[in-house]
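Asks: Following our numbering, the numbering of the sequence shown begins with 20 at its first residue and continues without gaps.
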Amino acid sequence: MSIIPQAALTTVQIVSGLAASAKNAVDLAKSTSNTELKGAVSELYDSVLDVKARVLELDEEVRILKAQLVQRDEIEGPDAKFGYFCFKGKPDAPLCPKCYQSIPSKVVNMGPRDQRAGGVMRFCPVCNFRVTEERAHSINRQINYNPYS
Ligand SMILES: [Zn+2]
20 MSIIPQAALT TVQIVSGLAA SAKNAVDLAK STSNTELKGA VSELYDSVLD VKARVLELDE
80 EVRILKAQLV QRDEIEGPDA KFGYFCFKGK PDAPLCPKCY QSIPSKVVNM GPRDQRAGGV
140 MRFCPVCNFR VTEERAHSIN RQINYNPYS
């Protein structure tokens, strides 16, 4: 008999205790000549093990989602100018908005500012999303001679 109140136990601890009890029942049932009871207890034990495996999966999923929620509190955005997200206090290290808003959300830093023909751009190293931060000034081509003269 456990002295720890049920509410203080994690779901994994509860289901582990359940599996241990079911195993104990299987061991006790071995001494009986009732094959029907042996079969029923063994079936129950297998089902409990299936539930335990599923609970462990769900527990891991919850752990990951909780970590993502904590991280979300540390990230702000999107900014009005380029739609970037960034860690609070790190506005110069923008995150890829496309990766961040995808499911599952990925936190990926945009690459450095890069001077290209179209202007100053940043590229996402994961999804190649591009943001043009400064457009190249169009060159004013002026014809200062008349080719038909
Ligand atoms: Zn991306």
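Note that CB positions come from ideal geometry on N, CA and C, so glycine has one too.
Per DSSP, which residues does Pro151 bridge with? Please list them.
Replies: The residue you asked about is not Pro; residue 151 is Thr in the sequence shown. According to DSSP, which records beta bridges pairwise, Thr151 is partnered with Met140.
Asks: Are at least three pairs of beta-carbons, each pair with one atom in the stretch 71-86 and one in the stretch 97-111, less than 8 Å apart?
Replies: Cβ pair count under 8 Å is below three, so no.
Asks: According to DSSP, is Ile122 helix, strand or coil?
Replies: Looking at Ile122 - three-state DSSP - the assignment turns out to be coil, as it is neither helix nor strand.
Asks: Check Leu68 in the structure and name its three-state DSSP category.
Replies: Note: Leu68 maps to helix in three-state DSSP.
Asks: Can you look up Leu37 in the DSSP assignment and give me helix, strand or coil?
Replies: Leu37: helix per DSSP, three-state reduction.
Asks: For Arg149, which residues in the same chain have their Cβ closer than 8 Å to its Cβ, ignoring the five residues on either side in sequence?
Replies: So the list reads Met140, Arg141, Phe142 and Cys143, once near-sequence residues are dropped.
Asks: What do you reckon, is the C-beta of Phe106 under 6 Å from a heavy atom of ligand 1?
Replies: No, since every heavy atom of ligand 1 falls outside the 6 Å radius drawn around the Cβ of Phe106.
Asks: Using only alpha-carbon positions, find the residue among Asn43, Ala136, His156 and Cys118 that is nearest to Asn147.
Replies: When only C-alpha atoms are compared, the closest one is Cys118.
Asks: Are three or more beta carbon pairs between the stretch 88-99 and the stretch 60-67 nearer than 8 Å?
Replies: The stretch 88-99 is not in contact with the stretch 60-67.
Asks: Compare the C-alpha of Gln134 against each of Ala155, Val127 and Ser124 and name the closest.
Replies: It is Ala155 whose Cα lies nearest to the Cα of Gln134.
Asks: Run the CB neighbour count on Pro113, radius 10 Å, all protein chains shown included, and call it buried at 16 or more, exposed below.
Replies: When all chains shown are included, Pro113 counts as buried.
Asks: According to the neighbour-count rule (16 or more other Cβ atoms, all chains shown, within 10 Å of its Cβ), is Ala26 buried or exposed?
Replies: The residue is exposed, with fewer than 16 neighbouring Cβ atoms inside 10 Å.
Asks: If you compare alpha carbons, which of Asp69, Asp98, Lys57 and Gln120 is closest to Asp46?
Replies: Ranking the options by Cα distance to Asp46, first place goes to Lys57.
Asks: Give me the Cα-Cα distance between Thr29 and Ala38, rounded to the nearest whole angstrom.
Replies: Between Thr29 and Ala38, the C-alpha separation is close to 14 Å.
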